[in-house]
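Encoded as structure tokens, the structure appears first; notes follow it.
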Amino acid sequence: MPIIKQLFLIIILATTLTAKNQTIVFAAGCFWGVEKHFESIDGVIDARSGYAGGNYADPTYRKVLKARTASEGVVNHTESVEVIYDDTKVTTESLIRSFWELHNPTEGDRQGNDKGNNYRSAIFYTNTQQLSIALSTKEIYQKLLNRANYGTITTEIKPLEIFYPAEKFHQDYLTKNPKGYCPNHATGVKFEKSKTKVDTIKPLGGKEIVVIDAKFCPFCEKFEKDVTSHYNGTIPLRTAHQDRLKGFTITSKIQGTPTILFIEDGKEIQSYTGYMSEQNFYKAVGAFKLGVDSEGYDVAFKKSTDGRFCKQYEKFKHTKDGVFIDKISGDILFDTKDRFNSGTGWLSFHKAVGGSVIEKKDNSWGMKRIEIIAKKSGARLGHLFDDAPGGLMRYCINATVLEFVAREDINKR
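Mapping to the working numbering: the sequence shown position 210 is 210, numbers consecutive.
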């Protein structure tokens, strides 16, 4: 075989081996225009309209429209676009920046005249690099929006659970209907290209978690799959290569990946090197957020119990419509619609949110009880009894391991 032909084949093979396709899902109002925007970008392999972010299966256009006024407990899907791209031809950051500039991310459940929770802004990521870039660009874009007198970004940034393709009618709609509905909701606010480096992350201020990873690190990939891709906690978590960190004070010597850094105001508080199981990770998060000497940490991990009518219980008594989340993992555990006043001095619910807790036999203190544990974080929540009025169950829950989120703010988390 001629040497030139051999070189040509080697180049083709190298290109094929280094190409890496990624998937990310964006929601920025009516999906027709969003789809058209992203499919026109070089490096985007495919863009298709669909639905994501809800808690019910098999959404259709009619179901999504109807769910705008659905009953409590139903989280509606938002019109979304699945973007599959070759990250050797277009960077994740350029796509996410394009998303911010494409619409107005401060409008909540609407885009312009398109009103409803099915038009809310969202990024559904599929890996922690996308999450890191989404958070860092959001921080930058918020400052630019503030200068232009816009409000606070309401965009959801969550891991993608499932993407449902929309009906055939909606696919490539503006290609088939070039004069179709395609509103422009952009704010006109643009990123300052010369001032930001790709993937560089700086301290956010306050508490945050930074995961140091490396290419071709199987333990990093496993940690992402098992832990960080499902992270919903209120402490920001970002992933980056060590060289991308700017402005942090790191005292540990980074000797392997992944290295999980717990940071406060840019300074390392604690670090762990190597793969961490989900249970160990959330125990570390609990220690970082609550403090190892706190009442909340004792309740969550040392089998302590809130006192009757404790301070946090009294505070939660005045909450209205919303949900209670795990203070450590951020997962939704209980809903106010299932709450009742048992008179015991502890929060009481008839049921937990499906799949959020596990039950375990507890024979301590000479009693036979059922202990309730948060499924993801492993935090001890309380006990289950069958003594509620009407023969119903009573989930007797410690208040110090929970946080409250108002109903209207659930989709903004």
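C-beta: ideal position from N, C-alpha, C; glycine also.
Only a predicted model underlies this, so the values are computations on that prediction, with no experimental measurement involved.
By alpha-carbon positions, which one of S329, F324, D362 and F281 ends up nearest to K351?
Here the question's residue 351 lines up with position 351 in the sequence shown. It is F324.
CA nearest to the CA of L414, picked from K225, Q242 and N104:
Residue 414 is absent from the structure shown; the chain starts at 1 and stops at 413.
Opposing strand residues paired with D114 [DSSP bridges]:
Along the sequence shown, read from residue 1 onward, the residue named residue 114 stands at position 114. DSSP lists Q111 as partners of D114.
Would you mind working out which of G206, R68, F340 and T344 sits nearest F309, comparing C-alpha positions?
Taking the sequence shown and counting its residues from 1, one reaches residue 309 at position 309. Looking at the Cα atoms, T344 is the closest of the given residues.
Determine the extent of the alpha helix (DSSP H) in which D226 is found, giving its start and end residues.
Taking the sequence shown and counting its residues from 1, the one referred to as residue 226 is at position 226. From DSSP, the alpha helix (DSSP H) with D226 extends over P218 to D226.
Distance, V401 Cα to I96 Cα:
As a first step, residue 96 must be located in the sequence shown, where it is residue number 96. As a first step, residue 401 must be located in the sequence shown, where it is residue number 401. Distance between the alpha carbons of I96 and V401: 34 Å.
Taking only three categories from DSSP, how would you classify F474?
Since the first and last residues shown for the chain are 1 and 413, residue 474 lies out of range.
Label N398 either buried or exposed according to how many other C-beta atoms from any shown protein chain fall within 10 Å of its C-beta, with 16 as the threshold for buried.
As a working note, residue 398 is residue 398 in the sequence shown. So N398 counts as buried.
Alpha carbon of C220 to alpha carbon of V81, nearest angstrom:
What you label residue 220 is simply residue 220 of the sequence shown in a count that begins at 1. What you label residue 81 is simply residue 81 of the sequence shown in a count that begins at 1. Those two C-alpha atoms are separated by around 28 Å.
Do the stretch 61 to 68 and the stretch 22 to 31 touch if we need at least three Cβ pairs shorter than 8 Å?
no
Following the continuous alpha helix (DSSP H) through Q420, name the residue where it begins and the one where it ends.
Residue 420 is absent from the structure shown; the chain starts at 1 and stops at 413.
Cutoff 8 Å; reference S342; Cβ partners in own chain excluding five residues on either side:
Looking up residue 342 in the sequence shown gives position 342. Once the five neighbours on either side are set aside, the close Cβ partners of S342 are S348, A388, R394 and C396.
Can you check DSSP and say which residues form a bridge with Q270?
Position 270 of the sequence shown, counted from the start, is the residue given in the question as residue 270. Bridge partners of Q270: F262.
Identify, in the order they occur along the chain, each residue of the same chain with its Cβ nearer than 8 Å to the Cβ of G355, setting aside the five sequence neighbours on each side.
The count along the sequence shown starts at 1 and reaches residue 355 at position 355. K375.
Separation of D226 from W100, as counted between CA atoms
For the purposes of this step, residue 100 is identified with residue 100 of the sequence shown, where counting begins at 1. For the purposes of this step, residue 226 is identified with residue 226 of the sequence shown, where counting begins at 1. When rounded, the distance between both Cα atoms is 29 Å.
Within 10 Å of its beta-carbon, does K36 have 16 or more other beta-carbons around it, so buried, or fewer, so exposed?
Within the sequence shown, the letter at position 36 stands for residue 36. That one is buried.
Exposed or buried, which one is Y297 when buried takes at least 16 other CB atoms within 10 Å?
As a first step, residue 297 is located in the sequence shown; it is residue number 297 there, counting from the start. Label assigned to Y297: buried.
Any idea if I269 is buried or exposed, counting beta-carbon neighbours within 10 angstroms, 16 or more meaning buried?
As a working note, residue 269 is residue 269 in the sequence shown. It is exposed - the Cβ of I269 has fewer than 16 other Cβ atoms within 10 Å.
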